[in-house]
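First residue of the sequence shown: 3, per the numbering used here; consecutive thereafter.
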Amino acid sequence: MSEINSWCASVLKKVQWQDADTFTCSNEWQQYWLLGLDSLSRRLEQHCQVLSVSVLDNTHVDSSALRADEIALIGDGVCLRRKVVLRGDAVDWIYGRTLIPLSSLQDQPHDLTKQGHVPLGITVFSAQDVFRDQLQVAKILTEKGELFARRSRLWMNGKPMLVAELFLPKASIYSDNYYLEKNNSKGSEE
Numbered sequence: 003m004s005e006i007n008s009w010c011a012s013v014l015k016k017v018q019w020q021d022a023d024t025f026t027c028s029n030e031w032q033q034y035w036l037l038g039l040d041s042l043s044r045r046l047e048q049h050c051q052v053l054s055v056s057v058l059d060n061t062h063v064d065s066s067a068l069r070a071d072e073i074a075l076i077g078d079g080v081c082l083r084r085k086v087v088l089r090g091d092a093v094d095w096i097y098g099r100t101l102i103p104l105s106s107l108q109d110q111p112h113d114l115t116k117q118g119h120v121p122l123g124i125t126v127f128s129a130q131d132v133f134r135d136q137l138q139v140a141k142i143l144t145e146k147g148e149l150f151a152r153r154s155r156l157w158m159n160g161k162p163m164l165v166a167e168l169f170l171p172k173a174s175i176y177s178d179n180y181y182l183e184k185n186n187s188k189g190s191e192e
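Below is the structure:
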């Protein structure tokens, strides 16, 4: 897992983020995965039998480990950095990297430092006051092919965290099956 961690981290460092409202998706299926404002974890659960989490990192980092654009979104304090791979039916789908300022961990209904193998989105989106803003999307050319990523700021009870998600090569976003089935069923109804 350390190999996937270092590879994904290096890919995310090269990303040129683009505001979601200026990003052109090729089809509705890409829009579904990239532009949704609800929980990605909940969406993933709908497309597999078992959604699991492999925790790669769950440590504190100071602002020197953050990029300037990340500091602009969540401030320059010490953060909890959580890196995970979300797996659908034992297949690596999403590499997630979350930065949570320590101040955002205080006075929350859940202890996010002890999230363990529970997808963060499941916990965060179960809170009362949650919303997503600053949604950015990217298409990245890698040696494993062209991949998609998204990044957004989540607010939980008025406190920010920054979530970046890299859609790995076997993620559902690259499968046309759902999109084709949806379009074929429309055609058969006519």
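We treat Cβ as the ideally placed atom computed from N, Cα and C, and that holds for glycine. Source: prediction; values computed, not measured.
Short Cβ contact (8 Å threshold) for residue i with residue j
i	j	result
leucine 46	leucine 37	no
aspartate 75	glutamate 167	In the sequence on display, residue 75 carries leucine and not aspartate. For leucine 75 and glutamate 167, no; Cβs fall outside 8 Å.
valine 165	glycine 98	yes
valine 80	aspartate 91	no
Burial state of residue i, where buried means 16 or more other Cβ atoms lie within 10 Å
i	result
alanine 151	buried
valine 93	exposed
threonine 24	exposed
glutamate 72	buried
serine 154	buried
threonine 61	exposed
alanine 67	exposed
glutamine 130	exposed
threonine 115	exposed
Presumed contact (8 Å Cβ cut-off) between residue i and residue j, rounded CB distance
i	j	result
leucine 104	leucine 122	Between leucine 122 and leucine 104 the Cβ distance is about 16 Å, and since that is not below 8 Å, they are no contact.
alanine 22	glutamine 138	6 Å
histidine 119	valine 57	6 Å
arginine 44	phenylalanine 169	Between phenylalanine 169 and arginine 44 the Cβ distance is about 16 Å, and since that is not below 8 Å, they are no contact.
Where residue i falls: helix, strand or coil (DSSP)
i	result
tryptophan 31	helix
cysteine 50	coil
aspartate 78	coil
valine 13	helix
serine 56	strand
Minimum Cβ-Cβ distance from residue i to chain C less than 8 Å
i	result
serine 128	In the displayed structure, chain C is absent; only one protein chain is listed.
Any non-hydrogen atom of the ligand MG within 7 Å of residue i CB
i	result
serine 43	Because no ligand of any kind appears in the structure shown, any question about the ligand MG cannot be addressed here.
Length-filtered (3 minimum) beta strand (DSSP E) runs lying within the region 113 to 174: If we require 3 residues or more, the beta strand (DSSP E) runs fully inside the region 113 to 174 come out as 132 to 144, 147 to 158 and 161 to 169.
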